[in-house]
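Chains as they are written, first to last, in numbering that gives the first Met the number 0: chain Y, 0 to 219; chain B, 0 to 219; chain P, 0 to 219; chain E, 0 to 219.
Think of the CB as a built atom: it goes at the ideal place given N, C-alpha and C, for glycine as much as any other residue.
Number of protein chains: 4
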Amino acid sequence: MIDMDAEKGIDNLRADAQRNLARILTAASEVFAEQGGEASVATVAERAGVGTATIFRRFPTKDDLLAAVIERRFRQLVEDTRRAAEIEQPGDALRQVMLVSVAIYVEDRLVAEAIGTPLFRRPRLRELQAEVTACKEQALRRVQEAGEVRPDVTLADLSLLMAAIGFVGQRLDADAPDAWRRCYHIVFDGLRPEIARPLSGAPVVLKQFGARHDSDASRS
Amino acid sequence: MIDMDAEKGIDNLRADAQRNLARILTAASEVFAEQGGEASVATVAERAGVGTATIFRRFPTKDDLLAAVIERRFRQLVEDTRRAAEIEQPGDALRQVMLVSVAIYVEDRLVAEAIGTPLFRRPRLRELQAEVTACKEQALRRVQEAGEVRPDVTLADLSLLMAAIGFVGQRLDADAPDAWRRCYHIVFDGLRPEIARPLSGAPVVLKQFGARHDSDASRS
Amino acid sequence: MIDMDAEKGIDNLRADAQRNLARILTAASEVFAEQGGEASVATVAERAGVGTATIFRRFPTKDDLLAAVIERRFRQLVEDTRRAAEIEQPGDALRQVMLVSVAIYVEDRLVAEAIGTPLFRRPRLRELQAEVTACKEQALRRVQEAGEVRPDVTLADLSLLMAAIGFVGQRLDADAPDAWRRCYHIVFDGLRPEIARPLSGAPVVLKQFGARHDSDASRS
Amino acid sequence: MIDMDAEKGIDNLRADAQRNLARILTAASEVFAEQGGEASVATVAERAGVGTATIFRRFPTKDDLLAAVIERRFRQLVEDTRRAAEIEQPGDALRQVMLVSVAIYVEDRLVAEAIGTPLFRRPRLRELQAEVTACKEQALRRVQEAGEVRPDVTLADLSLLMAAIGFVGQRLDADAPDAWRRCYHIVFDGLRPEIARPLSGAPVVLKQFGARHDSDASRS
DNA sequence: GATGAATGAGAATTCATTCAT
DNA sequence: GATGAATGAATTCTCATTCAT
Chain Y
0 MIDMDAEKGI
10 DNLRADAQRN
20 LARILTAASE
30 VFAEQGGEAS
40 VATVAERAGV
50 GTATIFRRFP
60 TKDDLLAAVI
70 ERRFRQLVED
80 TRRAAEIEQP
90 GDALRQVMLV
100 SVAIYVEDRL
110 VAEAIGTPLF
120 RRPRLRELQA
130 EVTACKEQAL
140 RRVQEAGEVR
150 PDVTLADLSL
160 LMAAIGFVGQ
170 RLDADAPDAW
180 RRCYHIVFDG
190 LRPEIARPLS
200 GAPVVLKQFG
210 ARHDSDASRS
Chain B
0 MIDMDAEKGI
10 DNLRADAQRN
20 LARILTAASE
30 VFAEQGGEAS
40 VATVAERAGV
50 GTATIFRRFP
60 TKDDLLAAVI
70 ERRFRQLVED
80 TRRAAEIEQP
90 GDALRQVMLV
100 SVAIYVEDRL
110 VAEAIGTPLF
120 RRPRLRELQA
130 EVTACKEQAL
140 RRVQEAGEVR
150 PDVTLADLSL
160 LMAAIGFVGQ
170 RLDADAPDAW
180 RRCYHIVFDG
190 LRPEIARPLS
200 GAPVVLKQFG
210 ARHDSDASRS
Chain P
0 MIDMDAEKGI
10 DNLRADAQRN
20 LARILTAASE
30 VFAEQGGEAS
40 VATVAERAGV
50 GTATIFRRFP
60 TKDDLLAAVI
70 ERRFRQLVED
80 TRRAAEIEQP
90 GDALRQVMLV
100 SVAIYVEDRL
110 VAEAIGTPLF
120 RRPRLRELQA
130 EVTACKEQAL
140 RRVQEAGEVR
150 PDVTLADLSL
160 LMAAIGFVGQ
170 RLDADAPDAW
180 RRCYHIVFDG
190 LRPEIARPLS
200 GAPVVLKQFG
210 ARHDSDASRS
Chain E
0 MIDMDAEKGI
10 DNLRADAQRN
20 LARILTAASE
30 VFAEQGGEAS
40 VATVAERAGV
50 GTATIFRRFP
60 TKDDLLAAVI
70 ERRFRQLVED
80 TRRAAEIEQP
90 GDALRQVMLV
100 SVAIYVEDRL
110 VAEAIGTPLF
120 RRPRLRELQA
130 EVTACKEQAL
140 RRVQEAGEVR
150 PDVTLADLSL
160 LMAAIGFVGQ
170 RLDADAPDAW
180 RRCYHIVFDG
190 LRPEIARPLS
200 GAPVVLKQFG
210 ARHDSDASRS
């Protein structure tokens, strides 16, 4: 009984702490999604209803907090991407896979701002990105093998385009909420193989946005 | 005589002041292009070889300085765009017109950051953007009338795509300097009319990126 | 029976508590000896494997913890000094007595820092210091009565010199580990009575470093 | 006339700034001398009657301010030492030279604390220390050549002893203002060559407190 | 009794903007 | 008109101490 009580106590404590942690992360997600990474930790603390020191106890650095928020988004992205990759029709699968990637930028100012910054190169995030990349790659390969998309387009190309569209979508979300969808469609429409003209540069090698694999080498 | 002297004095001062102003703008252009809008005014002052107060005499607010720098870039953009629009071959004209638009983002961190922010909505900049838009619109119309680009693509669509590509190009310039060129080509390749599928949303109305004018209404 | 159980419970807890207390003191000794008194309580708690609150339960204030750590060192010092004072040869006895006093500063950054601060004036520490002083005094008297050390040198003088040498020894331990030993020897070499010149000031009365007692008055 | 006015203006400005700088340094000297280097910059700012930002404008880092304060003391020390080194009687010269060195520690808590810390290794301070060392060395050599001080004592030994005595003198200044003077005399009394016993360790090599030179090598 | 969590009170530092010369 | 100086208002981060479990 005593043990149980003790465990309960510990559990409760942890539960409390985790609730607080959740509140911090939620508040941070909201604040940074709305105001970008320049929002002050104090703002987050206020929205979370805690003191700033509480936040710094969990996240030694503001960057750690930002990274945690981004990771959280990416964890959701991994799930969404996996689900999308399971769509049977290859074309639909690729479109959906890429759509969720665009959405993550559109919906979160912090994520959009973080494109190409050191925050995107943190190990944990890299792992999540790798999972997303794997799904995307599979989806792209299926479509290219089905001959529905020009073969010289690489995953990096597509990922970059999605990030790009997502970023401006985010920035213009208030003024023109669906403008980015048109862009997205235009890009996808134009991926058909029959209109492929030789692409100028060498395929992009970018760990952040879809690495090239051996299978790519043969194509280049 | 005294008046003349006074005027001379004032003229001299004005000449000096204008030279100072030029130096400030040049320095600010460089600094903000490299470091983004978060670079301090003091940094700009140092590079310009003037005191900070001198900058604030000309630009009451840092935002005013930022706006002036962006305007300067856009003044150059207007010229470049006009020249590009005069290219005979409609396809080449459009490509070049759009290319200079992409370049402005790639080359300038401040401009890339400013996409969709209030800085882009300042009246003076709006006017310059309108001029650019006019050229772009003309270029697009020519190509569409020549049947080389799908007719349902609007100027806003294209401008958004260029801004998007320019932004990621800017962000990834260090890691993958030419990645954005591939994206740019992919998008242009895909604009052919034969592959057009109906675009989902209504055409975008966005003053910042290619406004539709009354004359456009008939086209929609 | 219930009482006994309760007492057992308390006893068990006390045993636990005392083990905890020991671990805290050990950890604190190490941490403060290495990093000085500015080391955080959290650091101590971590090294001790306890929570910070546990520390504050035993030591209401960080200063109390610091004092306890210093006291612990001085308890050891009392022992070492007593043992040294028992050395037969008066000269050797004094040297050894003083050497252990120097060592306490050299080996412990906290103790070195605390010289002359309120931490050194706490009652409990005073008592320990008194014991040390008694031994030192005896050792000094023996040597002076043997005519091996100039008679006008007081215990306070010597204690001050040892603290001084110990302090710089501590500070320069990394750069010149044995520099203080030379200083120590130079001082002791110079204590011979044949070279005594009249000392300028009145004998120092310093409770912290060798107090004069009533019995001393007759000597002055 | 206009030029003169302009120059006057500039001069006044500079004068004002310099006066402020002087006030900052004076305030900092006082505060740090009394409270040690842990006193907050805000405290200094308050005593100087300026904002903290003003201080940080001149001294980018608190350490820079501390270093400046110490340098200031050492500049005075250089002067005092030079003057002392010119005393004819070698013994008096050495005593006076060393006395001013002790005094700098006694009178300034910051300087006393800084012994052996990185603050003492800053290049500018090193230069000043070198000048002091040169004077001290000369003074020591004179006395040793006159046979008045044991030849195996090095400058580093003496400097260390002076720093040591100065430190405890500083710490005990309130309780026993002149206690350190007795210590100082005891040490000097004991430097006579006739009582020299072989010193145990090798001569200390310590840039901070009197480097060994070639002439020392022959002695070791 | 023990503990991890929470926090208020600082601390250093930065920067856009205003002032005095 | 130009300038360096001054500063108030933030911002990130730390830490001794208190609280809730």
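Closest to residue i by C-alpha separation, out of the options, would be which residue?
i	options	result
B/Phe55	B/Asp79, B/Thr25, B/Leu20, B/Ser28	B/Leu20
B/Tyr220	B/Asp188, B/Ala195, B/Val186, B/Ala32	This structure cannot speak to residue 220 of chain B, because chain B is shown only from 0 to 219.
Y/Asp79	Y/Val68, Y/Leu171, Y/Val101	Y/Val101
Y/Ala16	Y/Ala47, Y/Leu127, Y/Glu106, Y/Lys61	Y/Ala47
Y/Thr25	Y/Val43, Y/Ala145, Y/Val142	Y/Val43
Y/Ser162	Y/Ala138, Y/Asp151, Y/Glu106	Inspection of the sequence shows that residue 162 of chain Y is occupied by Ala rather than by Ser. Selected option, being the one with the closest Cα: Y/Glu106.
E/Ala129	E/Arg74, E/Ala175, E/Ile114	E/Arg74
P/Asp151	E/Glu45, E/Asp188, E/Glu29	E/Asp188
Y/Gln143	Y/Asp91, Y/Ala27, Y/Glu29	Y/Asp91
Applying the 10 Å Cβ sphere with the 16-neighbour rule, what's the burial state of residue i?
i	result
P/Pro89	buried
E/Val40	buried
Y/Ala173	exposed
Y/Pro202	buried
P/Met116	Position check: residue 116 of chain P holds Thr in this sequence, whereas Met was assumed. It counts as exposed.
B/Gly50	exposed
Y/Gly168	buried
B/Glu136	buried
E/Phe208	buried
B/Thr153	buried
P/Arg18	exposed
E/Ala14	exposed
E/Ser217	Because E/Ser217 carries a pLDDT of 42, less than 50, the predicted location of this residue cannot be relied on, and the following value inherits that uncertainty. Exposed, by the Cβ-count rule.
E/Ser199	exposed
B/Glu112	buried
E/Glu6	Since pLDDT at E/Glu6 reaches only 40, below the 50 mark, its modelled position is unreliable, and the value read off the structure follows with that caveat. Exposed, since its Cβ has fewer than 16 Cβ neighbours within 10 Å.
Y/Ala52	exposed
Which chain E residues sit within Cβ distance under 8 Å of residue i?
i	result
P/Cys134	What P/Cys134 touches in chain E: nothing, since even the nearest Cβ is about 21 Å away.
P/Val152	Ile185
CB residue i to CB residue j, shorter than 8 Å?
i	j	result
B/Arg57	B/Ile86	no
E/Val99	E/Leu64	no
B/Leu160	Y/Cys182	yes
P/Ala195	P/Arg149	yes
P/Glu70	P/Leu124	yes
P/Ile185	E/Asp156	yes
B/Gln34	B/Arg108	yes
P/Leu127	P/Asp62	no
P/Arg180	E/Ile114	no
Report the CB separation of residue i from residue j in whole angstroms; it is logged as a contact under 8 Å.
i	j	result
P/Val131	P/Arg72	P/Val131 to P/Arg72, Cβ: 11 Å. No contact.
E/Val96	E/Ala83	4 Å
Y/Pro197	Y/Gly146	Actually they are not in contact, since the Cβ atoms of Y/Pro197 and Y/Gly146 sit about 18 Å apart, beyond 8 Å.
E/Leu93	E/Ala138	5 Å
E/Ala66	E/Arg120	Going by Cβ atoms, the distance from E/Ala66 to E/Arg120 rounds to 10 Å, so no, they are not a contact pair.
For residue i, go through chain Y and note every residue whose CB falls closer than 7 Å to its CB, in chain order.
i	result
B/Asp156	Arg181, Cys182, Ile185
B/Asp188	Gly189, Ile194, Ala195, Arg196
B/Ile114	Val167, Arg170
At a threshold of 7 Å, does residue i count as lining the ligand HEM (C-beta to nearest heavy atom)?
i	result
B/Glu85	Of ligands this structure carries none, so the ligand HEM is not represented either.
Starting from residue i, find everything on chain E with Cβ-Cβ shorter than 7 Å and list it in chain order.
i	result
P/Ile164	Ala163
Output, in chain order, the set of chain B residues within a Cβ distance shorter than 7 Å of residue i.
i	result
Y/Val203	Ala175, Ala178, Arg181
Could you tell me which chain Y residues have their CB closer than 9 Å to the CB of residue i, listed as they occur along the chain?
i	result
B/Leu159	Ile164, Val167, Gly168, Leu171, Ala175, Ala178, Trp179, Arg181, Cys182
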